[in-house]
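Quick notes on the structure that follows.
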Amino acid sequence: MTNAPIIRVENLGKHYETAAPDTPPALNKVSVTISAGEFVAIMGPSGSGKSTFMNLLGCLDVPTSGAYFLNGRNVAELSLNDLADVRNRQLGFVFQGFNLLKRVTAIDNVALPLLYAGVGKRKRRERAQELLTQIGLGKYGQSLPNRMSGGQQQRVAIARALANSPKVILADEPTGNLDSETSNEIMGVFTKLNREQGLTIILVTHEQDIANFAHRLIRFKDGVVVHDGPVTHQ
Amino acid sequence: MNPFATLGEAWRALGANRLRTALTMLGMIIGVSAVVLMLAVGEGAKQSVNRSVTSMGSNLFIVVSGSTSAGGVRAGMGSSPTLTLNDAEAIAKIPSVAASAPDFRGNTQIIFGANNWSTQITGVTPDFMVARSWTMDDGEMLTDADVRNATRNAILGQTVIKNIFGGENPVGKTIRIKNLPFLVTGTLQPKGQSLDGRDQDDTVLVPITTAQGKLFGNPFPGMIRLISVQAKSAEVMDEAEEEMKQLLRQRHRIQPGGEDDFSIRNLTAMAQTAAAAAQAMSMMLGAIGSISLLVGGIGIMNIMLVSVTERTREIGVRMAIGARRWDILLQFLLEAVMISVIGGLIGVAFGAWGAYGVAMGLGMEVELSGRAMLVAFGVAAATGIFFGFYPARRAAKLRPVDALRYE
Chain A
15 MTNAPIIRVE NLGKHYETAA PDTPPALNKV SVTISAGEFV AIMGPSGSGK
65 STFMNLLGCL DVPTSGAYFL NGRNVAELSL NDLADVRNRQ LGFVFQGFNL
115 LKRVTAIDNV ALPLLYAGVG KRKRRERAQE LLTQIGLGKY GQSLPNRMSG
165 GQQQRVAIAR ALANSPKVIL ADEPTGNLDS ETSNEIMGVF TKLNREQGLT
215 IILVTHEQDI ANFAHRLIRF KDGVVVHDGP VTHQ
Chain B
-19 MNPFATLGEA WRALGANRLR TALTMLGMII GVSAVVLMLA VGEGAKQSVN
31 RSVTSMGSNL FIVVSGSTSA GGVRAGMGSS PTLTLNDAEA IAKIPSVAAS
81 APDFRGNTQI IFGANNWSTQ ITGVTPDFMV ARSWTMDDGE MLTDADVRNA
131 TRNAILGQTV IKNIFGGENP VGKTIRIKNL PFLVTGTLQP KGQSLDGRDQ
181 DDTVLVPITT AQGKLFGNPF PGMIRLISVQ AKSAEVMDEA EEEMKQLLRQ
231 RHRIQPGGED DFSIRNLTAM AQTAAAAAQA MSMMLGAIGS ISLLVGGIGI
281 MNIMLVSVTE RTREIGVRMA IGARRWDILL QFLLEAVMIS VIGGLIGVAF
331 GAWGAYGVAM GLGMEVELSG RAMLVAFGVA AATGIFFGFY PARRAAKLRP
381 VDALRYE
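One line per chain: the protein sequences are A and B, in this order.
Each residue of the first sequence is one higher than the one before, starting from 15 at the first, in this note's numbering.
Each residue of the second sequence is one higher than the one before, starting from -19 at the first, in this note's numbering.
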């Protein structure tokens, strides 16, 4: 478990320009190191800065202060195109609302990151089919997302996140729209990916049950980390 | 991401909202077909005027004798017997003048066999051919000898031939004009309508002396009403006009300060005015077409802006999974260009079809040039790029975190 750090943030801060003048920053001098292969849950009340932290880790937003090293590279020094490539190849996103393209078949949704990676059409198909099979939806390639259950959609979204074999999966409340049984199924998928493929998984949740699947818990409040340690099963 | 894949994404997005795509495209179709149709009609009008202008003869003046007045009643121009054949010959000697052709016209019935036809008999000299840009179809033109001897030789225009000869070759045949036999020595190439719509081919040319002496009589022998004068070039038109004026005043012994007893009309200037009017009409029609194209373009921009707003979340997702700004820009730009290009192609087809309909249905002359169609199509594609760029750039400039959060 004590591999080289894949994510290292130092004094990371985010202050929204649009916020009212006297509000404290959304994120204030956060320093966290996450090693390759860790399974981390992030918790905290709304407005605590956990979503801001995830957006920064995901290179979807840029910090106003501090440094973020992903795989040893300082993300602040990357151009917009480089950031897009980082999101494409090194990170995989799973969202609460699945965020699949509605009018696009499951297999094409999974293949989309490959499209942006410049992979040829046949290879895209092969890889997408392989991923769908891996998560147990091999026969649903031609289905449209709105014909699938929530659990199935989230599986497709996970397959999409895995398309370019990223090192890190960022999941923002991946079970927020699912019932508890399906939630457990999805968490099972994450656990398996973490255990069998050594993927680093960082997930935001507000449910303790979900957080219990992880090995490490980081708790945010008012923009700072108030707890960082192993998950204690209560 | 390669452009072909982007093309596929754009195509899929267009297919997802067919009605909207079709309606947006309709704006483009109407715009482009309007441009093509208007250009065709305008160009047709311009060409028909230009043809009439060239058929009239280039660098042309018409010299008309002055008016008479009898007991306070003033007759029109040409009623006073002030121009003579000698005047015409004198004008021909002016250095800047290429040809000086007096003519004398009258209408009468002509007969060949069982057919008869009322037409204009034009008494001419050989210079007439040059001054009015006529060419022979068959046979020989009248000669100076014909004029000198007032022979009964005639040259026929195509309309006359069609009406009294049918398909027969008239050269060598004898026709009767006012019961006098005339030998047909030649035929004229067809010329079509004049600027005022008269059929120029409905005429018979005879020596001017014959027309005056034997056909229509002339109260003032040797007097003529009209001389067609061709200047040597467009540059010497003013010079030729001034010299003619001086010459005629001198020959007619008009005192300085006295009024001219003739008038000189610059037909080429009039023709140029007509051509300019046709050109203006052509441009105006083109402008009307362009406005509808502009409206179509704004329609594209409007729909693309709506589309970008609607699909903000989709843009966020695409960015989150690795789309670069350029990928997003290209996708939306290609959607706009696809609409305009496909609309442009259909528009060109509709425009051409409409032009054909106008030509058939209204009998108007249209000129459908490949260049005009290419230009209309090119402008349509450019419109797509121009009006598609702003919405596409707006999409590409979204920050991923904001786009993802958009509800």
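A virtual CB, placed ideally from N, CA and C, is assigned to each residue, including glycine.
Item: Counting beta carbon pairs with one atom in the segment 86 to 97 of chain B and one in the segment 69 to 77 of chain B, are three or more of them shorter than 8 Å?; Value: no
Item: Could you pull the start and end residues of the alpha helix (DSSP H) that S197/A belongs to?; Value: S194 to Q211
Item: Following the continuous alpha helix (DSSP H) through F357/B, name the residue where it begins and the one where it ends.; Value: G350 to A376
Item: Have a look at A211/B, T190/B and Q138/B and flag the residue whose alpha-carbon is nearest the alpha-carbon of T167/B.; Value: Q138/B
Item: Just the Cα atoms here: how many angstroms apart are V23/A and N113/A?; Value: 27 Å
Item: Answer yes or no: does any C-beta atom of chain B fall closer than 7 Å to that of I216/A?; Value: no
Item: Name the residues in the segment 119 to 153 of chain A whose C-beta lies less than 7 Å from a C-beta of chain B; which are they?; Value: L126, P127, L129, Y130, A131 and G132
Item: Consult DSSP for Y330/B and reduce its assignment to one of helix, strand or coil.; Value: The sequence shown places Phe at residue 330/B, not Tyr. It is helical.
Item: Run through chain B and tell me which residues come within less than 8 Å of L92/A, C-beta to C-beta.; Value: Those within 8 Å of L92/A in chain B number zero; the least Cβ separation is about 12 Å.
Item: Suppose you measure from the CA of M203/B to the CA of A81/B; what does that come to, to the nearest Å?; Value: 13 Å
Item: Between which two residues does the beta strand (DSSP E) carrying R156/B extend?; Value: T154 to I157
Item: Can you confirm whether A98/A, when its beta carbon is compared against all beta carbons of chain B, has any partner nearer than 7 Å?; Value: yes
Item: Ordered along the chain, which non-local residues of its own chain (more than five positions away) have a Cβ less than 8 Å from that of L247/B?; Value: M36, G37, L40, F41 and I42
Item: Only counting runs of 3 or more residues, tell me where the beta strand (DSSP E) segments fall wholly within the segment 99 to 133 of chain A, in order along the chain.; Value: 105 to 108
Item: Curious, which full-length alpha helix (DSSP H) runs of at least 4 residues does the segment -7 to 53 of chain B contain?; Value: -2 to 36
Item: What is the DSSP secondary structure of E387/B, reduced to helix, strand or coil?; Value: coil
Item: Would you give the residue range spanned by the beta strand (DSSP E) that L26/A belongs to?; Value: P19 to K28
Item: Assuming I232/A is part of the alpha helix (DSSP H), what are its boundary residues?; Value: Careful: I232/A lies outside any alpha helix (DSSP H), inside the beta strand (DSSP E) at R230 to K235.
Item: For the beta strand (DSSP E) containing G243/A, name the first residue and the last one.; Value: V238 to P244
Item: Are the Cβ atoms of L17/B and A335/B separated by less than 7 Å?; Value: yes
Item: Output the distance between the C-alpha atoms of R230/A and G323/B, rounded to the nearest integer angstrom.; Value: 58 Å
Item: Of all the options N25/A, R174/A, T32/A and P77/A, which has the alpha carbon lying nearest to the alpha carbon of V108/A?; Value: R174/A
Item: Across the segment 61 to 79 of chain A and the segment 226 to 242 of chain A, are there enough close Cβ pairs to call them in contact, namely three or more that are closer than 8 Å?; Value: yes
Item: So for R413/B, helix, strand or coil by DSSP?; Value: Limits of chain B in this structure are -19 at one end and 387 at the other, which puts residue 413/B out of reach.
Item: Check whether the Cβ of G276/B lies closer than 7 Å to any Cβ atom in chain A.; Value: no
Item: For T363/B, does the count of other Cβ atoms within 10 angstroms reach 16, so buried, or fall short, so exposed?; Value: buried
Item: Need the endpoints of the alpha helix (DSSP H) that K64/A sits in, please.; Value: K64 to L71
Item: Under 8 Å Cβ-Cβ, which residues of chain A neighbour A(-4)/B?; Value: R117
Item: Is L74/A close to chain B, meaning its C-beta is less than 7 Å from at least one C-beta of that chain?; Value: yes
Item: So, does the segment 302 to 317 of chain B touch the segment 332 to 351 of chain B, judging by three or more C-beta pairs under 8 Å?; Value: no
Item: Looking at the secondary structure, which residues open and close the beta strand (DSSP E) in which M57/A lies?; Value: F53 to M57
Item: What whole-angstrom Cβ distance do N178/A and L128/A have, given they're in contact under 8 Å?; Value: 7 Å
Item: Rounded to the nearest angstrom, what separates F242/B and A260/B at their Cα positions?; Value: 33 Å
Item: With a 10 Å radius around its C-beta and 16 neighbouring C-beta atoms as the bar for buried, classify Y82/A as buried or exposed.; Value: buried
Item: Determine whether the beta carbon atoms of T102/B and T154/B lie at a separation below 7 Å.; Value: no
Item: For M5/B versus I319/B, is the C-beta spacing smaller than 7 Å?; Value: yes
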